[in-house]
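Colleague:
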């Protein structure tokens with residue numbers, strides 16, 4: 024009998040940052056993913072600023088000694104919350120170029136992480152860690168503060184998440200953006216105050232610390248928000264979501280093999 028083919032390698036594709044907290048957070052998140060699924064090979068590659076780059080990781084995988092355990096299949100999972108420029112252009116371009124250079128590898132791009140109930144669960148986890156109590160929901164307005172994008176699809180997704188999250192019992196939920204779009208975090212906090220919210224909490228919809236998350240935090244402080252949650256970070260819900268997106272991307276290949 025033939026040995027079963029090894030599971031595809033999970034390549035987590037992070038943007039990268041000059042801020043060392045970014046890479047440290049990505050490392051912690053991938054370690055949690057490994058702990059949830061022992062035996063799954065998880066690699067990390069960055070688009071810029073940090074090493075190893077995505078092409079470097081793929082090159083390393085392609086050069087591993089051929090044999091029963093040789094890597095043939097890689098699922099590249101964007102560590103992104105919306106389908107903006109990096110998911111639509113940067114990452115597909117990097118993967119196409121790598122595929123042309125490395126014909127031994129079959130490369131597939133998984134879907135981005137958001138939207139997902141697991142992300143909403145992480146947002147609420149961080150709010151409670153910041154001192155918001157479950158009983159405060161009906162008197163608390165929340166600013167859903169994302170990094171921002173010039174892509175209308177990404178902006179629409181953030182607005183829809185805010186609308187849906189509002190229906191889970193919060194007084195109000197307003198989207199805000201650290202760049203490219205309006206309103207800014209401080210303006211959204213002031214708007215909620217003007218509308219009568221007794222408390223206002225800011226929930227950063229970003230994965231790791233860095234320049235734009237720092238801008239969100241500064242806006243929250245400037246406007247006097249009552250609570251500022253931490254970034255999503257290496258939460259158990261986010262690690263489970265990475266594995267969910269990985270599994271979803273395997274379905275077409277499994278279906279084809281059994282057809």
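Residue numbers (my numbering): 24 to 282. Yeah, the Cβ is synthetic: ideal placement off N, Cα and C, and Gly gets one too.
#1: If we ignore side chains and look at the alpha-carbon of each, how far apart do residue 242 and residue 179 end up?
#2: Measuring straight from C-alpha to C-alpha, what distance separates residue 96 and residue 267?
#3: Could you tell me the boundaries of the alpha helix (DSSP H) in which residue 58 lies?
#4: Between residue 216 and residue 222, what straight-line distance do the alpha-carbon atoms span, to the nearest angstrom?
#5: How is the beta strand (DSSP E) around residue 96 delimited, first residue to last?
#6: Since residue 272 contacts residue 131 with CB under 8 Å, what's their CB separation in whole angstroms?
#7: Tell me, which residues are paired with residue 68 by DSSP?
#8: Buried or exposed: residue 191, going by 16 or more other Cβ atoms within 10 Å of its Cβ?
#9: Report the residue ranges of all alpha helix (DSSP H) runs contained in full by the region 102-146; include only those spanning at least 4 residues, in chain order.
#10: Measuring CB atoms only, is the region 163-172 touching the region 118-132, in the sense that at least three cross pairs come out at less than 8 Å?
#11: Select from 70, 88 and 240 the residue whose C-alpha is nearest the C-alpha of residue 153.
#12: Ordered along the chain, which non-local residues of its own chain (more than five positions away) have a Cβ less than 8 Å from that of residue 254?
#13: Using only alpha-carbon positions, find the residue among 122, 246 and 134 that is nearest to residue 77.
#14: Which value, in whole angstroms, describes the spacing of the CA atoms of residue 54 and residue 46?
#15: At what residues does the alpha helix (DSSP H) containing residue 242 begin and finish?
#16: Label residue 43 either buried or exposed according to how many other C-beta atoms from any shown protein chain fall within 10 Å of its C-beta, with 16 as the threshold for buried.
#17: Hey, quick one: how far does the beta strand (DSSP E) through residue 169 stretch, first residue to last?
#18: For my contact list, residue 199 and residue 167 are in at a C-beta cut-off of 8 Å; report their separation, rounded to the angstrom.
Modeller: Looking at the coordinates:
#1: Stepping through the chain shown from its first residue, residue 242 is reached at position 219. Stepping through the chain shown from its first residue, residue 179 is reached at position 156. Their Cα atoms are separated by approximately 22 Å.
#2: Start at 1 with the first residue of the chain shown, and residue 96 comes out as number 73. Start at 1 with the first residue of the chain shown, and residue 267 comes out as number 244. Near 18 Å, if we compare the C-alpha coordinates of residue 267 and residue 96.
#3: Position 35 of the chain shown, counted from the first residue, corresponds to residue 58. It spans 43-59 - the alpha helix (DSSP H) in which residue 58 sits, taken as one unbroken run.
#4: Taking the first residue of the chain shown as 1, we reach residue 216 at position 193. Taking the first residue of the chain shown as 1, we reach residue 222 at position 199. Rounded to whole angstroms, residue 216 to residue 222 spans 8 Å at the Cα level.
#5: Here residue 96 refers to the residue found at position 73 when the chain shown is read from its first residue. Per DSSP, residue 96 belongs to the beta strand (DSSP E) from 96-101.
#6: The count along the chain shown starts at 1 and reaches residue 272 at position 249. The count along the chain shown starts at 1 and reaches residue 131 at position 108. Contact holds; Cβ gap of about 6 Å.
#7: Position 45 of the chain shown holds residue 68. Beta-bridge pairing links residue 68 to 36.
#8: Position 168 of the chain shown, counted from the first residue, corresponds to residue 191. Exposed is the call here.
#9: 114-124
#10: no
#11: Counting from 1 along the chain shown, the entry for residue 153 is found at position 130. It is 240 whose Cα lies nearest to the Cα of residue 153.
#12: Here residue 254 refers to the residue found at position 231 when the chain shown is read from its first residue. Once the five neighbours on either side are set aside, the close Cβ partners of residue 254 are 48, 149, 227, 229, 230, 231, 232 and 236.
#13: Residue 77 sits at position 54 when you count from the first residue of the chain shown. Residue 77 has its Cα closest to that of 122, out of 122, 246 and 134.
#14: Counted from its first residue, the chain shown places residue 54 at position 31. Counted from its first residue, the chain shown places residue 46 at position 23. Looking at the two C-alpha atoms, the distance is approximately 12 Å.
#15: The residue given as residue 242 occupies position 219 in the chain shown. Where residue 242 is concerned, the enclosing alpha helix (DSSP H) stretches over 234-245.
#16: The residue labelled residue 43 in the question sits at position 20 within the chain shown. Residue 43 is exposed by the Cβ-count criterion.
#17: Here residue 169 refers to the residue found at position 146 of the chain shown. Residue 169 -> beta strand (DSSP E) spans 163-169.
#18: Position 176 of the chain shown, counted from the first residue, corresponds to residue 199. Position 144 of the chain shown, counted from the first residue, corresponds to residue 167. Residue 199 to residue 167, Cβ: 7 Å. Contact.
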